[in-house]
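Engineer:
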Amino acid sequence: MLRYVTRRAAGWFLVIAVATNATYFLASSFLDPRSNFKELRPVRTDEQISRALAPYNLDPHEPLLHRWWDWLTGVVLRFDWGRSPVGVEVNGEIGYRSLVSAQLVIGATVLSVVVGVALAVHTASRQYGWRDRAAQALSMALFNVPVSIAALALVLLAIRLNEQAGWHFLYVAGEKSPDVEGFWATLGDRLAHLILPTLTLTLTGYVGYHLTQRSLLLDVIGSDFVRTARATGLTRAQAIRRHALRTALIPTAQSVAFSIPAVFTGAVLTETIFGWNGMGQYFIQTINKNDVHGTVATAAFAAALTAIGAILADITTVLLDPRVRVS
Amino acid sequence: MGIPVSPDTTPDGLLATAPGPAAQRPPSGHDGRYLGRRRLYVRRFRRNRTAVAGVVILLLLVLFSAFGGLFTPYHFSDADFSALTQAPGAEHWFGTNQGGNDVYASAVHGLQRSLVIAVTVSVLTVAVSAVVGAGAAYLGGRVEKATLALIHFLLIVPSFLVLALVSHRLAGDWRVLILVLTVFGWMSTTRVVWSVSTSLRERDYVLAAEFMGVRPLRVVLRHIIPNLGSLLIVNLTLGVVSTVLSETALSFLGFGVQTPDVSLGTMLADGAGTITSAPWLFAFPAGLTVLLTVSMTFVGDGLRDALDPTSTTGAAGGRR
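Protein chains in written order, with numbering that gives the first Met the number 0: chain L, 0 to 326; chain V, 0 to 319.
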């Protein structure tokens, strides 16, 4: 099992490396830091601009391959992700932000899987009952709501609730309050800020798991091994949970990795709407400021999240599927 | 934003309904009681009430986007400085925004823009994935392996980030946005088409065509792709939904359609800041977007049920 997981992890690492380098070339050709100087008065000459950008490895007169090599050695040897066009270190920016975004993305993904699968188990064993139909209708409706609309609707609802309760318990802006001290107070404050963004991403994210897991479960619920399990004296619920679900979970576990890019996209939107200082918001800032290194670091972060999800999915597959364990 | 369909959850039943060229039946005629294929599909589709509701809503939306502009004297780019941020009323049906633009006229234009982008991208995506997916499956060998590797790589790479990066430089023009969304949106459909085509390539009529000396390109275009018809039609409608979602997301963040042009996404972004003080700026585009995606999904699901007799048990896997 360890060998299988290590091999898969190595493959994912390769994918991250290729993706990050590809993004570097894409970002270098599509973002032009020189245009940041256009607005400045007095007008800067080409030479002045080059001289200003050269210390940050962004000088367009330097061949692209040279710049890439400098950047790559910096990342590999010193874990230095470079500097923005005005000289701010990318490392300093992403350290805190990546934690903020990671808790949002991972929390939402885990919650989506748990809610989706639980709902699928509940509804699949009551196929065409009213609860199944109601959950199906709700999921269909939520599936079609863009993240931006869901987030803003929640903001509106939260403001109403806060007014009704006369107590500010749902936070619609920021990832923390500025004046909270002490470990437990900070933790509680962070969690309170997490509620709405995570809820947004979960509401738009669980649907895929619910619908696919439900149909996967329905496919196996009628099969012989589930009937055999019942014949050994298990109740219907036990047979579904211990035998049917175990088989049906394998494709879902595999699909988690592919869904993480979508969750990250959602995180970009929710961070913008809820005013979080996370990686998603940083990505938009860096693109608008033609910050090549910052953009690449964000892409690497997203790829790393995907890879973590994929490796966790691989481990789950190994635990669920005896065929993988044996070979 | 859903989970890409994995090959083993693709309904095999889709294949059963699509008759191959060899099995093509006459559409009507030799028997009075014989029901044509098309009429059978229409009858099945009409039995599905949500699907019919979806078609009605969708038609209304299309009519609204095409002819809605005739009912207002305002143009979406006209600014009425005597009415800034005005609530909906007799003069401005949906109110006006901070710049004095009529929200009704903007909504008509924005819906039109989003619809044109979504439909074009979806048609292009389905065309690309049909040719690439079926071609890779039919040719097999190295071509197939390379295509699959590329697809998996692109699925893992956060394509939204790449989209934002590329469209930041090129966008503002909706035609460029169409191109960019197509280039980064063909992968998951291609994967589904590929997985279904792998079983089609073993069929007898493909073998028969090969024995007759038909060239590979012609086999793919003439014998494999027509038999994916139902799958492609369903993916076309659901592709419209996912394109609307990504277009609104991109435009919302300022990377898609840009001012002075208007789409549903830019209208949502405009309304987001004033959600408590001027809710109508957000409510109308949000309502239109959700109506569009929901009706399109209903139509897609209805089409799948109509074209695929085995899907009544909800056997279909992912919905994208």
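We treat Cβ as the ideally placed atom computed from N, Cα and C, and that holds for glycine.
Would you tell me roughly how many angstroms separate the C-alpha atoms of L/Val106 and L/Thr197, rounded to the nearest one?
Structural biologist: Reading off the sequence, residue 106 of chain L comes out as Gly, not Val. In a straight line, the C-alpha of L/Gly106 is about 7 Å away from that of L/Thr197.
Engineer: In the DSSP assignment, find the alpha helix (DSSP H) that holds V/Pro284 and state where it starts and stops.
Structural biologist: Unbroken alpha helix (DSSP H) run through V/Pro284: Trp279 to Leu306.
Engineer: Tell me whether V/Thr95 sits in a helix, a strand or coil according to DSSP, three-state version.
Structural biologist: Looking at V/Thr95 - three-state DSSP - the assignment turns out to be strand.
Engineer: Could you tell me whether the Cβ of L/Asn143 comes closer than 8 Å to any Cβ of chain V?
Structural biologist: Closer than 8 Å: yes.
Engineer: Under 8 Å, do V/Ala117 and V/Val243 count as touching if we go by C-beta distance?
Structural biologist: Yes. Within cutoff.
Engineer: Give every residue of the same chain whose Cβ lies closer than 8 Å to the Cβ of L/Thr271, excluding the five residues on either side of it in the sequence, and list them in chain order.
Structural biologist: Cβ within range, chain order: Gly279, Gln280 and Ile283.
Engineer: For L/Arg82, which residues does DSSP report across the bridge?
Structural biologist: Beta-bridge pairing links L/Arg82 to L/Glu88.
Engineer: Do you know how far the Cα of V/Glu143 is from the Cα of V/Asp300?
Structural biologist: Using only the alpha carbons, I get a separation of about 30 Å.
Engineer: Note down, one range per segment and in chain order, each alpha helix (DSSP H) of at least 4 residues found wholly within the stretch 146-222 of chain V.
Structural biologist: DSSP runs (the alpha helix (DSSP H)) wholly in the stretch 146-222 of chain V: 158-169, 173-182, 186-199 and 203-210.
Engineer: Using three-state DSSP, classify L/Asn289 as helix, strand or coil.
Structural biologist: Coil at L/Asn289, not helix or strand.
Engineer: Note down, in chain order, each residue of its chain lying with its Cβ closer than 7 Å to the Cβ of V/Pro25, except the 5 sequence neighbours on either side.
Structural biologist: Only weak support is given to the placement of V/Pro25: the predicted model assigns it a pLDDT of 45, under 50, and the question is left unresolved by the model.
Engineer: Where does V/Asn226 sit, in a helix, a strand or coil, going by DSSP?
Structural biologist: V/Asn226: helix per DSSP, three-state reduction.
Engineer: I'd like the list of long-range same chain contacts for V/Gly19, defined as Cβ closer than 6 Å, with 5 residues on each side in sequence excluded.
Structural biologist: Unreliable placement is indicated for V/Gly19, whose pLDDT of 44 sits below 50; no coordinate value is reported for it.
Engineer: Can you grab the Cα-Cα spacing for the pair L/Ala296 / L/Gln253, in whole Å?
Structural biologist: Their backbone Cα atoms lie some 26 Å apart in a straight line.
Engineer: Would L/His292 and L/Gly81 qualify as a contact pair, given that the criterion is a beta-carbon distance under 8 Å?
Structural biologist: Yes, these two residues count as a Cβ contact at 8 Å.
Engineer: So, does the CB of V/His222 fall closer than 8 Å to a CB anywhere in chain L?
Structural biologist: Not an interface residue.
Engineer: Anything in chain V within Cβ reach of L/Phe224, meaning under 7 Å, just list it in chain order.
Structural biologist: Within 7 Å Cβ-Cβ: nothing; L/Phe224 doesn't reach chain V, min ~17 Å.
Engineer: Of all the CB atoms in chain V, is at least one closer than 8 Å to the CB of L/Val267?
Structural biologist: Closer than 8 Å to some Cβ of chain V, the Cβ of L/Val267 qualifies, so yes.
Engineer: Please report the distance separating the alpha-carbon of L/Ala289 from that of L/Val85.
Structural biologist: Correcting the residue identity first, residue 289 of chain L is Asn in this sequence and not Ala. So the alpha carbons of these two residues sit roughly 11 Å apart.
Engineer: Buried or exposed for L/Leu63, please, with buried defined as at least 16 other CB atoms from any protein chain shown within 10 angstroms of its CB.
Structural biologist: Classification for L/Leu63: exposed.
Engineer: Output needed for L/Ala51: all residues of its chain with C-beta closer than 6 Å, excluding positions within five of it in sequence on either side, in chain order.
Structural biologist: So the list is empty, once near-sequence residues are dropped.
Engineer: Give a yes or no on contact between the stretch 124-134 of chain L and the stretch 198-207 of chain L, applying the rule of three or more CB pairs nearer than 8 Å.
Structural biologist: Result no; under three Cβ-Cβ pairs closer than 8 Å.
Engineer: Apply the 10 Å Cβ neighbour rule to L/Gln40 and answer buried if 16 or more other Cβ atoms are within range, or exposed otherwise.
Structural biologist: Looking at the sequence shown, residue 40 of chain L is not Gln but Arg. When all chains shown are included, L/Arg40 counts as exposed.
Engineer: When you compare each of L/Leu25, L/Val179 and L/Pro59 to L/Ser34 by their alpha carbons, which one comes out closest?
Structural biologist: For L/Ser34, the nearest C-alpha among the options comes from L/Pro59.
Engineer: Considering Cα atoms alone, identify which of L/Leu153, L/Leu103, L/Pro54 and L/Trp183 is closest to L/Thr264.
Structural biologist: The residue with the shortest Cα to Cα distance from L/Thr264 is L/Leu103.
Engineer: Using the beta-carbon of each residue, which ones in chain V are nearer than 8 Å to L/Ile272?
Structural biologist: Correct list: Ala271.
Engineer: Taking only beta-carbon atoms, is V/Ser158 less than 8 Å away from chain L?
Structural biologist: So, interface residue.
Engineer: Step through the CB atoms of chain L and report whether any lies within less than 8 Å of the CB of V/Arg112.
Structural biologist: Not one chain L Cβ lies under 8 Å of V/Arg112.
Engineer: Would the stretch 142-156 of chain V and the stretch 75-86 of chain V be scored as touching if the rule is three or more Cβ pairs under 8 Å?
Structural biologist: They do not touch, by the three-pair rule.
Engineer: For a contact meaning CB atoms closer than 7 Å, what does L/Ala236 contact in chain V?
Structural biologist: Simply none; closest approach about 21 Å.
Engineer: Going by alpha carbons, who is nearest to L/Thr305 out of V/Ile232, V/Ser158, V/Leu216 and V/Thr188?
Structural biologist: Measuring from the Cα of L/Thr305, the nearest candidate turns out to be V/Ser158.
Engineer: For L/Tyr205, does the count of other Cβ atoms within 10 angstroms reach 16, so buried, or fall short, so exposed?
Structural biologist: Looking at its Cβ environment, which holds 16 or more other Cβ atoms inside 10 Å, L/Tyr205 is buried.
Engineer: For chain L, check one thing: does any of its Cβ atoms lie closer than 8 Å to the Cβ of V/Phe70?
Structural biologist: Output row for V/Phe70: interface = no.
Engineer: In or out: V/Leu306 buried (at least 16 other Cβ within 10 Å) or exposed?
Structural biologist: By the 10 Å Cβ count, V/Leu306 comes out buried.
Engineer: Please confirm if the stretch 94-108 of chain V is in contact with the stretch 255-270 of chain V, defined as three or more CB-CB distances below 8 Å between the two stretches.
Structural biologist: Contact between the stretch 94-108 of chain V and the stretch 255-270 of chain V is present, because at least three Cβ pairs lie under 8 Å.
Engineer: May I ask you to list the residues that DSSP assigns as paired with V/Ala78?
Structural biologist: V/Ala78 is bridged to V/Asn100.
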